[in-house]
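If you count the sequence shown from 1, position 211 lands on 211 in full-length UniProt numbering, and the numbers rise without skipping.
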Amino acid sequence: MDNYFPSILMFLFLCGSCVAGTKTFNPYTPRLRLTRSAATAKTWPPTGQPAVRPSVAVTDVTACLLLERGNPRLLYDYDKAAAGIDLAVEYVNENVLPPSLRLRVERRDIGGSCGTKSNIINQAMKLWQQKVDCAVYIGPGCGATAESLYNFADFFHTPIIGCPAAGKCANEAIENDLFSWMFQMSWTNLKFNEFTTFNSNNLDYAKLRGIYGICTSKQNS
């Protein structure tokens, strides 16, 4: 399974648009499995001449989605991302993973506020108590909440894909390289490029200078 872990992290594709799509979500449904159509399930790969999918034992790889929900002021809201998530899971299962592996998602609502940092730990603990083996955590949106989850994930050596974990490490006392198990989505790059291109083309700027901060206690030394 390790050889396919980078492909599973194509789950980045689903969080790359944490602001797209709408779908009904019941946070009290403990497990969700996508069901394939009978025609699709019989073929592998799904392109070209259909080949009969071999009958093999299937191992589930679980991604635990811990994301905010219910606050329209947050860009990273589950209701905006649900359709993209389902499409990405289906794509990975049908086109990336071999017949012996299947990506599935455990979804948990961690509330609609960045201030409730304990909710995500509560949900992560419940997953562990239910013996759900999370291969990767997806979310949260808030940086402070991601910092709360990190110690828990670090203990189990489980990566976190921040979605986008905005503002993580805003405290200068925290070293950015301490978060070696965390990846963050660069979902704002497109808008930044559009902004700089517009200024360059229309406002006669000869030089553009960018400033970015590195989250480290040594940045002012």
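Note that beta-carbon positions come from the ideal geometry of N, C-alpha and C, so glycine has one too.
No experiment lies behind these values; they were computed from the predicted model shown.
Item	Value
Can you tell me which residues form a DSSP beta bridge with L101?	T59
My guess is that E106 and L127 are in contact by the Cβ rule of under 8 angstroms, so how many angstroms apart are they, rounded?	6 angstroms
Decide if N119 is buried, meaning its Cβ has at least 16 other Cβ atoms within 10 Å, or exposed.	buried
Give the range of the beta strand (DSSP E) segment to which V136 is assigned.	C134 to I138
Label Q129 either buried or exposed according to how many other C-beta atoms from any shown protein chain fall within 10 Å of its C-beta, with 16 as the threshold for buried.	exposed
Alpha carbon to alpha carbon, how far is Y76 from R69? Give it in angstroms, no decimals.	8 angstroms
What does the Cβ neighbour count give for T196, buried or exposed, with the cut at 16 atoms within 10 Å?	exposed
According to DSSP, is D109 helix, strand or coil?	strand
So what does DSSP say about L74, is it helix, strand or coil?	coil
Using only CA atoms, which one of D86, C142, K131 and A153 lies nearest to G112?	C142
List the endpoints of the continuous alpha helix (DSSP H) containing N93.	Per DSSP, N93 belongs to no alpha helix (DSSP H) and is neither H nor E.
State buried or exposed for R73, treating a residue as buried only when at least 16 other CB atoms are found within 10 Å of its CB.	exposed
Start and end of the alpha helix (DSSP H) containing G143?	G143 to F155
What separation, rounded to the nearest whole angstrom, lies between the Cα atoms of D154 and N202?	47 angstroms
In chain order, what residues of the same chain have a beta carbon less than 7 angstroms from the beta carbon of T62, not counting five sequence neighbours either side?	R104, E106, V132, D133, C134 and A135
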